[in-house]
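Numbering (the working numbering), first residue to last: 1 to 84.
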C-alpha cells in the first residue's frame, strides 16, 4: 500500500507518469504473445515490453527471463534492456 501511495505522490508532483492501456497497446501485446506462442508470455509481460519500446532507452526491471527472449519487433528498434 505504501508503494502505491508513493507512486501516486510522484505522479501528482509530475515526477512520474502512468501510461494508459488502449487498443493499440493491446494489439501490440497480442502480436508479441502470438509471436512467442509456447513461451508463456503473459499479457502483463507483453504489455510491459511494448511500453518499454515506447521509451528512448527500452528498459524493463524484472527477474523474469521472459523479457530476454523477446526480440525487437522491427528494424531499428533497440533490444530490451532487462535489469534485476
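Built from N, CA and C at the ideal position, the CB exists for glycine as well.
Measuring CB to CB, does residue i end up less than 8 Å from residue j?
i, j, result
"residue 22", "residue 58", "no"
"residue 35", "residue 64", "no"
"residue 11", "residue 4", "no"
"residue 168", "residue 13", "The requested residue 168 is not part of the displayed model; the chain covers only 1 to 84."
CB-CB under 7 Å to residue i, same chain, minus the five flanking residues each way: which ones, in chain order?
i, result
"residue 62", "82"
"residue 77", "53"
Provide the residue(s) that pair with residue i in DSSP beta bridges, ordered along the chain.
i, result
"residue 81", "59"
Determine the closest residue to residue i out of the options, with distance taken between C-alpha atoms.
i, options, result
"residue 30", "14, 17, 50 and 15", "50"
"residue 20", "2, 54 and 66", "54"
"residue 69", "40, 3, 11 and 76", "40"
"residue 74", "32, 26, 1 and 38", "32"
"residue 38", "66, 16, 8 and 79", "66"
Counting along the chain, where does the alpha helix (DSSP H) carrying residue i start and finish?
i, result
"residue 35", "23-35"
"residue 15", "Looking at the DSSP string, residue 15 is not in any alpha helix (DSSP H), and its letter there is neither H nor E."
"residue 69", "66-69"
"residue 40", "That residue, residue 40, is in no alpha helix (DSSP H); it is neither H nor E in DSSP."
Note down, in chain order, each residue of its chain lying with its Cβ closer than 6 Å to the Cβ of residue i, except the 5 sequence neighbours on either side.
i, result
"residue 47", "29"
"residue 88", "What is shown of the chain runs 1 to 84, which leaves residue 88 out entirely."
What does a CB cutoff of less than 8 Å around residue i pick up in its chain, not counting 5 residues either side in sequence?
i, result
"residue 60", "48, 49, 52, 67, 80, 81, 82 and 83"
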